[in-house]
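Engineer: Each residue of the sequence shown is one higher than the last, beginning at 3 in the numbering used here.
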Amino acid sequence: MAAVLSSPFLTSGPVCKEVEAQLNDYFGCKHSKLVNSWTNGAVAALLALDIGPGDEVIVPAMTFIATANVVELVGATPVFIDCDPETLLVTPELIKNAITKKTKAIIPVHMYGQMCDVESIKNSLPKDRKIYIIEDCAHTFEAKFNGDRPGKHSDIAIFSFYATKNVTCGEGGAIITNDKNIYERVIQSVLHGMSASAADRFKEGKYNHWGMEYLGTKANLPDLLACLLPEQIKSIDSKISIREEKAQFYFSKLKNTKLRFPQEKSNIIHSRHLFPIGVGMQKRDEILQILSSKNIGVTVNYRAVPTMNFYKNKYSIPNENIMNSFLWGEETISLPLFPDITFNEQDYIVKVLLDDLIPMIGN
Ligand SMILES: *Cc1c(COP(=O)(O)O)cnc(C)c1O
């Protein structure tokens, strides 16, 4: 960071280029572009694909609001689909039923750290027209499905380096793709649609004019933040087993209770970004308050997106249409899980759950 501060470029420059090469290597993809958030990266990606008013984009009802908000932000229409009741992920069947003549893209979300089956999703899409697959990988930097990392079977995969994610620079993200044309549009759509970045405009000591072919946003990551990423990317795979061990501790202590866990496939590497459990709808909010009062930092990931007032007022989607997402959203809480959590801390959390809370919901 000190080196960046004394260099000519505080914003996107040589450090970003280095990290982008590192990402290409890590994901085995052809192109990477660092962005200043998942959200801004996704807006840039949708603009790059020329998705806007009149177009539909299929999004899960069970996800963080950002997945749907970016579709709204470019003026397209999010079409919400339900999730599988066991894995809480979208499936090819659920996607198929939502496709219309207007469908331009689908954004599958790899929830909590378990990847969706993107290859099967791809194979199930109509063959006579292009429907883009944009993976929401905010939870799954280091995850795998059938040995494949994100980005292998989609047109674009987008990551988040927000403060709470497994790899972070406070705010940030990355777009990866194997498609040269998409990449060339993305590097413009992250910079107003400009034909040359600041670094490229001053190449070889002379000023070069830039143009603008189409509308973009401002989504580039500065070198000042990018410099926080290389060491984390190098060490992230070595942390998988640490998070896994913490998750298995919870599973082993809580498995003989009424609590519900998302079902996991056996052919995956889980990133253990979040550890959600279902505690039933009746007592969920009471349980949240009790855990908070005992200094346990719990969160809700997530109430179903169509139940948010903005979406409720705009689309009035009945809960029955997204029943699995709705029910899970009303009963879930996420337990603390991060590499530095100690077994003593986990023991305390488990004790509070077993002694105080599980009796409330019945065994
Ligand atoms: C965090 C998150 C995002 C948004 O990421 P930002 O980098 O904060 O824009 C999008 N989708 C999911 C599933 C997330 O958890």
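Backbone N, C-alpha and C fix where the C-beta goes; we use that ideal spot for every residue, glycine too.
1. Just the Cα atoms here: how many angstroms apart are residue 36 and residue 217?
2. When you measure from the CB of residue 111 to every non-hydrogen atom of ligand 1, does any distance come out below 6 Å?
3. Confirm the yes/no value for this check: CB of residue 259, any heavy atom of ligand 1, distance under 6 Å.
4. Considering only heavy atoms of ligand 1 and the C-beta of each residue, which residues fall inside 6 Å, strictly closer?
5. If you draw a straight line from the C-alpha of residue 305 to the C-alpha of residue 6, how long is it?
6. I'd like the span of the alpha helix (DSSP H) that includes residue 23, first residue to last.
7. Which of the three DSSP states is assigned to residue 308 in this structure?
8. In the DSSP assignment, find the beta strand (DSSP E) that holds residue 133 and state where it starts and stops.
9. Does residue 362 come out as helix, strand or coil in the three-state DSSP assignment?
10. So, is residue 213 buried or exposed, given that buried needs 16 or more other C-beta atoms within 10 angstroms?
11. Just the Cα atoms here: how many angstroms apart are residue 247 and residue 325?
12. Could you pull the start and end residues of the alpha helix (DSSP H) that residue 106 belongs to?
13. Could you work out which residue in 162, 28, 117 and 267 is closest to residue 146 when comparing CA atoms only?
14. Within the continuous alpha helix (DSSP H) that includes residue 45, where are the two ends?
15. For residue 327 and residue 93, what's the separation of their Cα atoms in angstroms?
16. In angstroms, rounded to a whole number, what distance separates the CA positions of residue 121 and residue 358?
17. How many whole angstroms separate the CB atoms of residue 302 and residue 259, which I take to be in contact at a CB cut-off of 8 Å?
18. Please list the terminal residues of the continuous beta strand (DSSP E) segment that includes residue 328.
19. On the premise that residue 124 lies in contact with residue 59, defined as a C-beta separation below 8 Å, what is that separation, rounded to the nearest angstrom?
20. Mind listing, in chain order, the continuous beta strand (DSSP E) runs of no fewer than 3 residues lying wholly within the segment 111 to 160?
21. Within 6 Å: the Cβ of residue 298 and any heavy atom of ligand 3?
22. Please decide whether residue 49 counts as near chain B, where near means a Cβ-Cβ distance under 7 Å.
23. For residue 78, does the three-state DSSP call read helix, strand or coil?
24. What is the DSSP secondary structure of residue 352, counted as helix, strand or coil?
25. Would you call the CB atoms of residue 244 and residue 144 closer than 7 Å?
26. Taking 8 Å as the cut-off, does the segment 311 to 325 touch the segment 294 to 301 (at least 3 CB pairs, one atom from each stretch)?
27. Can you give the Cα-Cα distance for residue 219 and residue 77, rounded to whole angstroms?
28. Closest to residue 155 by CA distance: which of 65, 133, 101 and 268 is it?
29. For residue 56 versus residue 273, is the C-beta distance shorter than 7 Å?
30. Just to confirm, are residue 162 and residue 175 a CB contact at a threshold of 7 Å?
Structural biologist: The short version:
1. Translated into the one-based positions of the sequence shown, residue 36 becomes position 34. Translated into the one-based positions of the sequence shown, residue 217 becomes position 215. Cα to Cα, the separation comes out at about 19 Å.
2. The residue given as residue 111 occupies position 109 in the sequence shown. Taking the Cβ of residue 111 as the reference point, at least one heavy atom of ligand 1 falls within a distance shorter than 6 Å.
3. Residue 259 sits at position 257 when you count from the first residue of the sequence shown. Checking every heavy atom of ligand 1 against the Cβ of residue 259, none is found closer than 6 Å.
4. Here the residues close to ligand 1, judged by CB distance below 6 Å to any of its heavy atoms, are 39, 40, 41, 65, 66, 68, 69, 111, 138, 140, 141, 162, 164 and 175 in chain order.
5. Taking the sequence shown and counting its residues from 1, one reaches residue 305 at position 303. Taking the sequence shown and counting its residues from 1, one reaches residue 6 at position 4. Distance between the alpha carbons of residue 305 and residue 6 is about 40 Å.
6. Here the question's residue 23 lines up with position 21 in the sequence shown. Annotation for residue 23: the continuous alpha helix (DSSP H) segment containing it runs 16 to 29.
7. Residue 308 sits at position 306 when you count from the first residue of the sequence shown. Three-state result, residue 308: helix.
8. For the purposes of this step, residue 133 is taken as the residue at position 131 of the sequence shown. Where residue 133 is concerned, there is no enclosing beta strand (DSSP E), given that its DSSP letter is neither H nor E.
9. Here residue 362 corresponds to residue number 360 of the sequence shown, with the count starting at 1. Helix at residue 362.
10. In the sequence shown, residue 213 corresponds to position 211, counting from 1. Classification of residue 213: exposed, given that the 10 Å Cβ count is below 16.
11. As a first step, residue 247 is located in the sequence shown; it is residue number 245 there, counting from the start. As a first step, residue 325 is located in the sequence shown; it is residue number 323 there, counting from the start. Approximately 32 Å between the Cα atoms of the pair.
12. Here residue 106 is taken as the residue at index 104 of the sequence shown, counted from 1. Secondary structure note for residue 106: it is in no alpha helix (DSSP H), and the uninterrupted beta strand (DSSP E) holding it is 105 to 108.
13. The count along the sequence shown starts at 1 and reaches residue 146 at position 144. The residue with the shortest Cα to Cα distance from residue 146 is 117.
14. Taking the first residue of the sequence shown as position 1, residue 45 is located at position 43. For residue 45, the enclosing alpha helix (DSSP H) stretches over residues 40 to 50.
15. In the sequence shown, counting from the first residue as 1, residue 327 sits at position 325. In the sequence shown, counting from the first residue as 1, residue 93 sits at position 91. Cα-Cα distance, rounded: 13 Å.
16. Residue 121 sits at position 119 when you count from the first residue of the sequence shown. Residue 358 sits at position 356 when you count from the first residue of the sequence shown. Roughly 44 Å separates the two Cα atoms.
17. For the purposes of this step, residue 302 is identified with residue 300 of the sequence shown, where counting begins at 1. For the purposes of this step, residue 259 is identified with residue 257 of the sequence shown, where counting begins at 1. Between residue 259 and residue 302 the Cβ distance is about 19 Å, and since that is not below 8 Å, they are no contact.
18. On the sequence shown, position 326 is the one that residue 328 refers to. Here residue 328 belongs to no beta strand (DSSP E); instead the alpha helix (DSSP H) covers 325 to 333.
19. Residue mapping note: residue 59 aligns to position 57 of the sequence shown, counting from 1. Residue mapping note: residue 124 aligns to position 122 of the sequence shown, counting from 1. Residue 59 to residue 124, Cβ: 16 Å. No contact.
20. Taken in chain order, the complete beta strand (DSSP E) segments of 3 residues or longer contained in the segment 111 to 160 are 134 to 138.
21. With respect to ligand 3, the structure shown offers nothing to examine, as its ligands consist of ligand 1.
22. The structure shown contains no chain B, having only a single protein chain.
23. Stepping through the sequence shown from its first residue, residue 78 is reached at position 76. Annotated three-state conformation of residue 78 is coil, per DSSP.
24. As a first step, residue 352 is located in the sequence shown; it is residue number 350 there, counting from the start. Helix at residue 352.
25. As a first step, residue 244 is located in the sequence shown; it is residue number 242 there, counting from the start. As a first step, residue 144 is located in the sequence shown; it is residue number 142 there, counting from the start. Against a cut-off of 7 Å, the Cβ pair of residue 144 and residue 244 comes out as no contact.
26. With a cut-off of 8 Å on Cβ pairs, the segment 294 to 301 is not in contact with the segment 311 to 325, counting fewer than three such pairs.
27. Position 217 of the sequence shown, counting from 1, holds the residue named residue 219. Position 75 of the sequence shown, counting from 1, holds the residue named residue 77. Whole-angstrom Cα-Cα distance: 14 Å.
28. Numbered from 1 along the sequence shown, position 153 holds the residue referred to as residue 155. Checking every option, the nearest Cα to that of residue 155 belongs to 133.
29. Counted from its first residue, the sequence shown places residue 56 at position 54. Counted from its first residue, the sequence shown places residue 273 at position 271. No.
30. What you label residue 162 is simply residue 160 of the sequence shown in a count that begins at 1. What you label residue 175 is simply residue 173 of the sequence shown in a count that begins at 1. Taking 7 Å as the Cβ cut-off, residue 162 and residue 175 qualify as a contacting pair.
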